[in-house]
Amino acid sequence: METILRVEHVTKAYEEHVAVNDLSFEVFKGEVFGLLGPNGAGKTTTIRMIIDMIRPDQGSIYFGNHQRLPVEKIGYLPEERGLYKKSKVRETLIYFASLKNVPAKDAEKRVDFWLERFQLQSYSNHRCEELSKGLQQKIQFIATLIHEPELLILDEPFSGLDPVNQLFIRELIDELTRKGQTILLSAHQMDHIEKMCERICMIHRGRMVLYGRIHDIKDQYDDRQVRIQCAASEKDKLIPLLENANVTPSGIEGHLPEQKNFSSLLKEVGERAEVQKVERVRPTLEQIFIEKVKL
1107 METILRVEHV
1117 TKAYEEHVAV
1127 NDLSFEVFKG
1137 EVFGLLGPNG
1147 AGKTTTIRMI
1157 IDMIRPDQGS
1167 IYFGNHQRLP
1177 VEKIGYLPEE
1187 RGLYKKSKVR
1197 ETLIYFASLK
1207 NVPAKDAEKR
1217 VDFWLERFQL
1227 QSYSNHRCEE
1237 LSKGLQQKIQ
1247 FIATLIHEPE
1257 LLILDEPFSG
1267 LDPVNQLFIR
1277 ELIDELTRKG
1287 QTILLSAHQM
1297 DHIEKMCERI
1307 CMIHRGRMVL
1317 YGRIHDIKDQ
1327 YDDRQVRIQC
1337 AASEKDKLIP
1347 LLENANVTPS
1357 GIEGHLPEQK
1367 NFSSLLKEVG
1377 ERAEVQKVER
1387 VRPTLEQIFI
1397 EKVKL
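Numbered by the numbering used here, the letters in the sequence shown go through residues 1107 to 1401 in order.
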């Protein structure tokens, strides 16, 4: 796959505090890549180095084969929002487009298109300060993509949005990647990351602690947990089949013994009892995240 962004052994320190420590990862063209970590992990510092707001003390950042990417090819949605409160919505968006070298006529057409797409036409002449936080977030999202960048960097894009608008943004991100745009996504909501990203980099205290495909990471942390739903009268028949089995209101749960595979367990369960459901319970990304940051 074509690599659009490559971070190689990057380190950044502020006096005695090392914010990012020997961090490396790459982002492929057309993917949604997740950058994860708790507050203070070094995510924002990493993003600021990628957009050339600050320079790394050590290491290099490449866009393809180049160490600089033209400003019009990157769109950045910062965690700290920054709209001009007294300016009107449409004027603000046209101004942001001009900063990324979009011709005036194209900027007006694009702004009108996105305001309609976000159902914000009626707010065109409102001052930004008159809008709710959720609406301001949608305006800032438009400002981030108005110049049709190759790489979109979204830092907590779901902040301030209700579930309906979070779904809208997820669907829009999916649409943008289908059209070839690449997205670096930093978010605390693990369910969004799990649904939208195939690959992630998790950092903690400035260092990378997980990197790769979510599917492979889950395999690495799979503890072979099994959940069986059955009637109360069937529970005693099934407990011997699992290790560390516990009775639950809906059945039993435990762990698949090392010498068994899931198919053989299904056969044994069917021979012993009537059940409603048998399922492997893989760890969620949130559970893995919590385990890693506790280390």
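C-beta atoms are modelled at their ideal positions from N, C-alpha and C, and glycine is treated no differently.
So what does DSSP say about residue i, is it helix, strand or coil?
i: I1275; result: helix
i: C1303; result: coil
i: I1160; result: coil
i: G1188; result: coil
i: T1390; result: coil
i: Q1331; result: strand
i: E1359; result: strand
i: F1139; result: strand
i: K1206; result: coil
i: R1097; result: Any answer about residue 1097 is impossible in this case: the structure gives the chain only from 1107 up to 1401.
i: A1125; result: strand
i: D1280; result: helix
i: K1400; result: coil
i: A1337; result: coil
i: A1293; result: coil
i: I1252; result: coil
i: F1169; result: strand
i: G1240; result: helix
i: E1132; result: strand
i: H1232; result: coil
i: D1261; result: strand
Excluding five sequence neighbours on each side, which residues of the same chain lie with their C-beta closer than 7 Å to the C-beta of residue i?
i: R1311; result: A1147
i: K1343; result: R1378 and A1379
For residue i, which residues of its own chain have a beta-carbon under 6 Å away from its beta-carbon, when the five flanking residues on both sides are left out?
i: E1185; result: D1261 and E1262
i: Q1272; result: F1264
i: M1107; result: F1134
i: G1266; result: K1239, G1240 and Q1243
i: G1286; result: G1136
i: T1250; result: G1181 and L1183
Between the options, which lies nearest to residue i when the distance is taken from Cα to Cα?
i: A1379; options: E1340, R1216 and E1281; result: E1340
i: L1316; options: N1171, D1218 and E1397; result: E1397
i: L1278; options: M1302, Y1201 and E1392; result: M1302
i: M1296; options: I1320, F1274, E1281 and R1313; result: I1320
i: K1334; options: P1162, S1356 and Q1173; result: Checking the displayed sequence, the identity of residue 1334 turns out to be Ile instead of Lys. I1334 has its Cα closest to that of S1356, out of P1162, S1356 and Q1173.
i: H1298; options: Y1168, L1111, T1390 and E1349; result: T1390
i: L1183; options: K1400, S1369 and L1257; result: L1257
i: L1348; options: S1166, K1366 and K1215; result: K1366
i: Q1326; options: Q1246, Q1393 and D1280; result: Q1393
i: P1176; options: I1156, E1222 and I1275; result: I1156
i: L1221; options: I1248, T1109, A1213 and I1167; result: I1248
i: K1336; options: I1323, K1324, E1178 and T1354; result: One point to set straight first is that residue 1336 is Cys, not Lys, in the sequence displayed. Minimum Cα distance to C1336 is reached at T1354.
Using the beta-carbon count (16 or more within 10 Å), is residue i buried or exposed?
i: P1346; result: exposed
i: F1131; result: buried
i: F1395; result: buried
i: S1292; result: buried
i: K1118; result: buried
i: Q1382; result: exposed
i: Y1190; result: exposed
i: L1205; result: exposed
i: E1385; result: exposed
i: H1172; result: exposed
i: V1270; result: exposed
i: R1284; result: exposed
i: A1203; result: buried
i: R1223; result: exposed
Once you ignore the five residues that flank residue i on each side, which residues in its own chain have a CB closer than 8 Å to its CB?
i: G1318; result: R1305 and I1306
i: I1309; result: V1126, L1129, L1141, L1142, G1143, A1147, G1148, K1149, T1152 and V1315
The stretch 1192-1205 contacting the stretch 1227-1237, beta-carbon criterion three pairs below 8 Å: Under the Cβ criterion (8 Å, minimum of three pairs), the stretch 1192-1205 counts as touching the stretch 1227-1237.
Three or more C-beta pairs below 8 Å linking the stretch 1327-1339 and the stretch 1354-1373: In short, these stretches touch, since the Cβ pair count reaches three.
Meets three-Cβ-pair contact criterion under 8 Å: the stretch 1134-1150 and the stretch 1204-1220: Cβ pair count under 8 Å is below three, so no.
Touch test, the stretch 1369-1383 against the stretch 1118-1129, Cβ-Cβ under 8 Å, three pairs minimum: No contact exists between the stretch 1369-1383 and the stretch 1118-1129.
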